[in-house]
Amino acid sequence: MQMLTKFESKSNRVKGIAFHPKLPLLASSLHNGSIQLWNYQTGTIYDRLEEHDGPVRGICFHPSQPLLVSGGDDYKIKVWNHKTRKCLFTLNGHLDYVRTVFFHHEHPWILSASDDQTIRIWNWQSRTCIAILTGHNHYIMCAQFHPKEDLIVSASMDQTVRVWDISGLRKKNTSAQPMSIEEQIARANSGQADLFGNTDVVVKYVLEGHDRGVNWASFHPTLPLIVSAGDDRQIKLWRMSDTKAWEVDTCRGHFNNVSCALFHPRHELIISDAEDKTIRVWDMGKRTAVQTFRRESDRFWVLTAHPTLNLFAAGHDNGLIVFKLERERPAFALHQNNLFYVRDKQVRSLDYATGADVPLLSVKRLGNQYVQPRTLSYNPAERSVIVTSTSGEQGVFDVAPLPRDPAAAGGDLADSSSVGKRGQGSSVIFVARNRFAVLDKAAQTIEIRDLNNAVTKTITPPQPTNEIFFGGTASLILSTATGVILYDIQQQKVLAELQSPTVKYVVWSLDGGMVALLSKHTITLANKTLTSSNLIHETIRIKSAAWDESGVLLYSTLNHIKYALPQGDNGIIKTLEQPVYLTRVKGKTVSCLDRSARPQNIAIDPTEYRFKLALVQGKFDEVLSIIKNSNLVGQAIIAFLQKKGYPEIALHFVQDKSTRFDLAIECGNLDVALETAEAINAAEVWERLGAAALRQGNHRIVERAYQRTKNFEKLSFLYLITGNVDKLAKMAVIAEKRGDHLSRFHNSLYLGNAEARSAVLQDVGLPALAYAAAKTSGLADRAAATAMTLLSRQAGIVDFAPLKPLFLASYLSARSFLPAAPSVGPMEVLLRRNNEESEGKVSKALPAAPRTVQQLTSVELQEGYKAVSTNKLADAEHIFRSLLHQLVLTPAKTEAEASEIQDLIVLCREYILGVSIELGRRQLVSSDPGNVSRNLELAALFTHAQLQPPHQSLALRSAMTEARKVNNYAMAASFARRLLELSPAPAIAQKAQQIISLAERSPKDAVDVAGYDPLERTFVVCAGSHVLIPAGGVGSVQDPLTGARYLPEFKGTLCRISQISEVGKLGGGLRSFAG
979 MQMLTKFESK SNRVKGIAFH PKLPLLASSL HNGSIQLWNY QTGTIYDRLE
1029 EHDGPVRGIC FHPSQPLLVS GGDDYKIKVW NHKTRKCLFT LNGHLDYVRT
1079 VFFHHEHPWI LSASDDQTIR IWNWQSRTCI AILTGHNHYI MCAQFHPKED
1129 LIVSASMDQT VRVWDISGLR KKNTSAQPMS IEEQIARANS GQADLFGNTD
1179 VVVKYVLEGH DRGVNWASFH PTLPLIVSAG DDRQIKLWRM SDTKAWEVDT
1229 CRGHFNNVSC ALFHPRHELI ISDAEDKTIR VWDMGKRTAV QTFRRESDRF
1279 WVLTAHPTLN LFAAGHDNGL IVFKLERERP AFALHQNNLF YVRDKQVRSL
1329 DYATGADVPL LSVKRLGNQY VQPRTLSYNP AERSVIVTST SGEQGVFDVA
1379 PLPRDPAAAG GDLADSSSVG KRGQGSSVIF VARNRFAVLD KAAQTIEIRD
1429 LNNAVTKTIT PPQPTNEIFF GGTASLILST ATGVILYDIQ QQKVLAELQS
1479 PTVKYVVWSL DGGMVALLSK HTITLANKTL TSSNLIHETI RIKSAAWDES
1529 GVLLYSTLNH IKYALPQGDN GIIKTLEQPV YLTRVKGKTV SCLDRSARPQ
1579 NIAIDPTEYR FKLALVQGKF DEVLSIIKNS NLVGQAIIAF LQKKGYPEIA
1629 LHFVQDKSTR FDLAIECGNL DVALETAEAI NAAEVWERLG AAALRQGNHR
1679 IVERAYQRTK NFEKLSFLYL ITGNVDKLAK MAVIAEKRGD HLSRFHNSLY
1729 LGNAEARSAV LQDVGLPALA YAAAKTSGLA DRAAATAMTL LSRQAGIVDF
1779 APLKPLFLAS YLSARSFLPA APSVGPMEVL LRRNNEESEG KVSKALPAAP
1829 RTVQQLTSVE LQEGYKAVST NKLADAEHIF RSLLHQLVLT PAKTEAEASE
1879 IQDLIVLCRE YILGVSIELG RRQLVSSDPG NVSRNLELAA LFTHAQLQPP
1929 HQSLALRSAM TEARKVNNYA MAASFARRLL ELSPAPAIAQ KAQQIISLAE
1979 RSPKDAVDVA GYDPLERTFV VCAGSHVLIP AGGVGSVQDP LTGARYLPEF
2029 KGTLCRISQI SEVGKLGGGL RSFAG
């Protein structure tokens, strides 16, 4: 007997543990207050439940509902739904630690034991306590229901075990008969009796015998027996009758407190664990220890058995362990139609042809009585078998003949120890008609023996070997830690090696051409020489395998029968409720043995793997036959066909529109793809269809796809490359209606429509590009209009009529016309202003300009100065405005010239503003001589125009004179002081000095000028109304060309200074330099 560990976890101390009766779930309650749910098959944690405060000691799954109950040191019992992973409700009532909780197998009851010296029975449906069991006078460590009868057993630190009869409670809570009023009142008041002990539950037996507190007690599943474990380090066995209970015997051997003890569900064994860090197995009949399993540093606290499987779980200081006490894989060997297997320590023969199943040989005396034989090897030539088992650390085997006539074995079976030969060896296998090989794992030797068990040859394996298997005639397969070795025992040499995980079983195909090497989680498929292989990986354990007649391997895991093709592809055939061990595959029937070594036949559908095999082998006639005669469906088939590159075949199996579309695209069937795309009508589907159709050059389907996805850009390009000009023109119209300027531009490019292209650039606010496009394409009208738009965006110019003569002059100045022959028109020559820089670089050529900045400053500007100096103000206004217009169209050669042009524009603005103010004053004097205040205001504002000093002097003299006339001495003195700062002629300076002296004697103004404040820091004059804008021009609007300021009411009007730009219009600034 050995402990076969199936799962182990690391966690905080485990105080409670429970198996789910059907699912591979294990619940463990921890000392840190957490509950962990584990999948012990895959070794992964399912969830954690964290609502208890303090250690959780009791845990139990409901036998049929998705419920889990837990009890802990917070005095609470919680009921959980383990599927939703939520706490449904909490039962409160205990006054101290809750030690154990259990569900009843039939009724909606929960049984809890607590340190408050009471046992409580709860109805989890009504969420009420229906009974309180009192009687123990110390902590109650455990209380459990009997699996079948109306009994409860409890264990307490008061050194007693009590058996309680709950039949009265069952009758009371399950009665469906009508009750009288007296009965109803009595039932309603029955809860009062719980204060002193419930009358519906009575103590049947009190078992005394332990010398210290009792930690655990449990019933035998079928016999009237109880086992208890206590702090006296003893395990006691008790028997019950209808009237009494008594102690049968005591099992001694533990060296510390015994935490838990229970009966083996199937064998006459008791299993216990204790704080002495051991799990012990006891013979229930002999009351002696059979086996001890020890851990180095973990004290055990709890032990439980699976309700249906041969599994146990134990909780210790650092986690838990799930284990078995015996191997459940039956020993068997197949020869032709006969299966030889071992059940109940008998070698049996099952004839698959007739169904006859007869025992042939007894092996009861082979190995340990509690351990089933491990392997069986059959020799058809001598009709003999080798059966191996374990005996302690060393293996043991019997080689014995089988009776020729199975019917003759029907009486007393011959025992292998009497009719055969016995020997020791870790692994034993027949290798020839009268030879078998024995591996001595400890000595690392392989002995070849005859049927008399005499050694004929001894071989030392080339590498440390764990097991040996049949490897063909006179050959062995040696399983090592890193793989397998094909070894010739006659020549004693290695024929081949193959790397693989540790191999546990080897299964040969029916023709001996292929071999399956089974490991814990992998299968290696190889040929008979181990020269080519494929690896199949499974997440859960692989149990067995058998070859189909067609060369497909069928194998079983814990919960599936699967298949594996020789090329390595695999899939699921059937789901299993319990693990089985495959023995033979014949047609649509899989023969197997269950864990009780009972033969079974399982019907399967081999169509899927036969279809895949035919496809891989290129047998397309068989593929077609299977398609026609079977109903193969499913994603697995479709995925396989796609993976192997047969999407056109996969189309036959698919009804799902999305999958059908994917396959149609993959195999290039555009008609089917179009049909399914119409049905699905999703944008991503149409995009994929368009891409696939484009690869195949089917422009009709491409056009359809682009239309459905409204992919106008690609649709326009499609019409371009197919030469469909009419539809391309329609696309341009559609783009314009949609307001998609980029699409409009692309379509104008595709159509070669330069005018449309320039119009698009104009509409999106790119006049420079629009002008370049029009100019390059020879569209003079469009180029001129675009140029005007560009000026409008830069300088806010809206009235181009005054600039027309300048436009014409610019055009003519850049051209020269040479006369030709009488019958030929003149030849046009384009003139450049940068001949040297553009020599050989036409793209950098700039047209000649009618005038330069130097010409303007030396001629026009001087004429304007002269007109101001000679008091010809109307002429001066016209000259400076003309100069301003010319500056707009004058190109600068350098950035310095561009800056000079901006300065000249400002100068023109100041002269035009000042001259217009003075002209307006003179007109006021002639039209309204009595408006002296306004006259003085305009004269004063004229002095603040930024003019040249001589002209500034004229303005100050005029203002000083006008103020002196009306006795505004203070105002006149302010002008005189400013005049003196300009260093005028002596006569003028003397006159100014006289006015200052006069103002000092009488510093008053006779006329109030409200619109002028000489103390204003910054003088900003509205160019439209000629009034002072207060606060330095705050709130004013500006002319984008000249920078002239206006009151807000002038916004949107034509500028009075330039007479070509709009006041308040946004502009980027005039660009005179093209560098």
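According to my numbering, the sequence shown holds residues 979 to 2053 in order. Note that the Cβ used here is the ideal one computed from N, Cα and C, for glycine as well.
Euclidean distance between Cα positions of L1173 and C1107: Position 195 of the sequence shown holds residue 1173. Position 129 of the sequence shown holds residue 1107. Since pLDDT at L1173 reaches only 45, below the 50 mark, its modelled position is unreliable, and no value is offered.
Backbone CA spacing between N1193 and Y1348 [nearest angstrom]: As a position in the sequence shown, residue 1193 is number 215, starting the count at 1. As a position in the sequence shown, residue 1348 is number 370, starting the count at 1. Between N1193 and Y1348, the alpha-carbon positions lie close to 28 Å from each other.
Reference T1068; option with closest CA among P2026, L1867 and I1088: For the purposes of this step, residue 1068 is identified with residue 90 of the sequence shown, where counting begins at 1. Closest option to T1068, Cα to Cα, is I1088.
Buried versus exposed, by CB contacts within 10 Å (16 or more), H1085: Looking up residue 1085 in the sequence shown gives position 107. Its Cβ being crowded by 16 or more others within 10 Å, H1085 is buried.
Distance CB(K988)-CB(L1008) smaller than 9 Å: In the sequence shown, counting from the first residue as 1, residue 988 sits at position 10. In the sequence shown, counting from the first residue as 1, residue 1008 sits at position 30. Cβ distance not < 9 Å, so K988 and L1008 don't count as in contact.
Span separating the alpha-carbon of P1285 from that of F1080: Along the sequence shown, read from residue 1 onward, the residue named residue 1285 stands at position 307. Along the sequence shown, read from residue 1 onward, the residue named residue 1080 stands at position 102. Using only the alpha carbons, I get a separation of about 13 Å.
Spatial neighbours of D936 in its chain, beta-carbon cut-off 7 Å, leaving aside the 5 residues before and after: An answer regarding residue 936 cannot be provided, because it is not within the stretch 979 to 2053 covered by the chain.
Cβ separation of Q1674 and L1648, assumed to be a contact under 8 Å, to the nearest whole Å: If you number the sequence shown from 1, residue 1674 lands on position 696. If you number the sequence shown from 1, residue 1648 lands on position 670. Q1674 to L1648, Cβ: 6 Å. Contact.
Residues of its chain near L1488, where Cβ-Cβ distance is below 7 Å and the 5 sequence neighbours each way are ignored: Counting from 1 along the sequence shown, the entry for residue 1488 is found at position 510. Only W1525 and E1527 meet the Cβ criterion.
Exposure of R1244, with buried meaning 16 or more beta-carbon neighbours within 10 Å: Within the sequence shown, numbered from 1, the residue matching residue 1244 stands at position 266. Answer is exposed; the Cβ neighbour count stays below 16.
Same chain, Cβ closer than 7 Å to G2047, five either side skipped, listed in chain order: Reading the sequence shown from its first residue, position 1069 is the one you call residue 2047. So the list reads Q1772, once near-sequence residues are dropped.
Nearest-angstrom Cα separation, counted from F1310 out to T1499: Sequence index remark: in the sequence shown, residue 1499 carries index 521 (1-based). Sequence index remark: in the sequence shown, residue 1310 carries index 332 (1-based). Note that residue 1499 is His in the sequence shown here, rather than Thr. When rounded, the distance between both Cα atoms is 22 Å.
Where C2033 falls: helix, strand or coil (DSSP): Position 1055 of the sequence shown, counted from the start, is the residue given in the question as residue 2033. In the structure shown, C2033 sits in coil (DSSP, three-state: anything other than H, G, I, E or B).
Where A1121 falls: helix, strand or coil (DSSP): By one-based count along the sequence shown, residue 1121 stands at place 143. A1121: strand per DSSP, three-state reduction.
Touch test, the segment 1432–1450 against the segment 1462–1476, Cβ-Cβ under 8 Å, three pairs minimum: Yes, they touch.
For I1895, three-class secondary structure by DSSP: On the sequence shown, residue 1895 is found 917 positions in, with the first residue counted as 1. In the three-state reduction of the DSSP assignment, I1895 falls in the helix class, which pools H, G and I.
Residue range of the alpha helix (DSSP H) that includes Q1402: Here residue 1402 refers to the residue found at position 424 when the sequence shown is read from its first residue. Element bounds for Q1402: not the alpha helix (DSSP H) but the beta strand (DSSP E), K1399 to Q1402.
Length-filtered (3 minimum) beta strand (DSSP E) runs lying within the segment 1362–1441: 1362–1369, 1372–1379, 1399–1402, 1405–1410, 1413–1418, 1423–1428 and 1433–1437
S1794 beta carbon less than 9 Å from that of E1806: Counting from one through the sequence shown, the residue named residue 1806 turns up at place 828. Counting from one through the sequence shown, the residue named residue 1794 turns up at place 816. Taking 9 Å as the Cβ cut-off, E1806 and S1794 qualify as a contacting pair.
Validate contact between the segment 1181–1196 and the segment 1207–1224 using beta carbons, cut 8 Å, 3 pairs: yes
For L1796, the nearest candidate out of F1785, L1786, L1784 and L1809 (CA to CA): As a working note, residue 1796 is residue 818 in the sequence shown. Of F1785, L1786, L1784 and L1809, the residue nearest in Cα terms is L1809.
Spatially closest choice to E1841 from P1828, R1859, T1480 and D1178, by CA coordinates: The count along the sequence shown starts at 1 and reaches residue 1841 at position 863. Closest option to E1841, Cα to Cα, is R1859.
Meets three-Cβ-pair contact criterion under 8 Å: the segment 1292–1309 and the segment 1513–1520: no
Cα-Cα separation, L1201 to D1220: Position 223 of the sequence shown, counting from 1, holds the residue named residue 1201. Position 242 of the sequence shown, counting from 1, holds the residue named residue 1220. About 13 Å.
In DSSP terms, what M981 is bridged to: Position 3 of the sequence shown, counting from 1, holds the residue named residue 981. M981 pairs with nothing; no bridge assigned.
For D1329, the first and last residue of its enclosing alpha helix (DSSP H): Position 351 of the sequence shown holds residue 1329. From DSSP, D1329 is part of no alpha helix (DSSP H) but of the beta strand (DSSP E) over Q1324 to D1329.
Sequence-distant residues of its chain with Cβ nearer than 6 Å to A1710 (five each side left out): Working through the sequence shown from its first residue, we reach residue 1710 at position 732. Cβ neighbours of A1710 beyond the five flanking positions: N1725.
Min CB distance I1407 to chain B below 9 Å: Here there is only one protein chain, and chain B is not present.
Pairwise C-alpha distance: K1061 and Y1024: Along the sequence shown, read from residue 1 onward, the residue named residue 1024 stands at position 46. Along the sequence shown, read from residue 1 onward, the residue named residue 1061 stands at position 83. For Y1024 and K1061, the distance between alpha carbons rounds to 10 Å.
Proximity to I1895 [Cα-Cα], best of L1919, S1931, L1240 and L1885: Along the sequence shown, read from residue 1 onward, the residue named residue 1895 stands at position 917. Answer by Cα proximity: L1919.
Within 9 Å, strictly: CB atoms of R1265 and L1215: The count along the sequence shown starts at 1 and reaches residue 1265 at position 287. The count along the sequence shown starts at 1 and reaches residue 1215 at position 237. Yes; because the gap between Cβ atoms is below 9 Å, this pair is in contact.
Residue closest to H1922, alpha-carbon to alpha-carbon, out of V1179, L1865 and A2001: Sequence index remark: in the sequence shown, residue 1922 carries index 944 (1-based). With respect to the C-alpha of H1922, the residue from V1179, L1865 and A2001 having the closest C-alpha is A2001.
4 or more residues per run - each alpha helix (DSSP H) lying fully within the segment 1758–1830: The segment 1758–1830 contains these whole alpha helix (DSSP H) runs: 1758–1773 and 1782–1791.
Close Cβ partners of I1159 (< 7 Å) along its chain, the five nearest in sequence each way excluded: Counted from its first residue, the sequence shown places residue 1159 at position 181. For I1159, the predicted structure reports a pLDDT of 47, less than 50, and the residue's modelled location is therefore unreliable. A value from the coordinates is still provided. Closer than 7 Å at the Cβ level, and outside the excluded window around I1159, lies no residue.
For L1317, three-class secondary structure by DSSP: Taking the first residue of the sequence shown as 1, we reach residue 1317 at position 339. L1317 sits in a strand when the DSSP states are folded into three classes.
CB-CB length for P1577 against K1566, believed under 8 Å: Here the question's residue 1577 lines up with position 599 in the sequence shown. Here the question's residue 1566 lines up with position 588 in the sequence shown. That belief does not hold up - the Cβ atoms of P1577 and K1566 are roughly 17 Å apart, past 8 Å.
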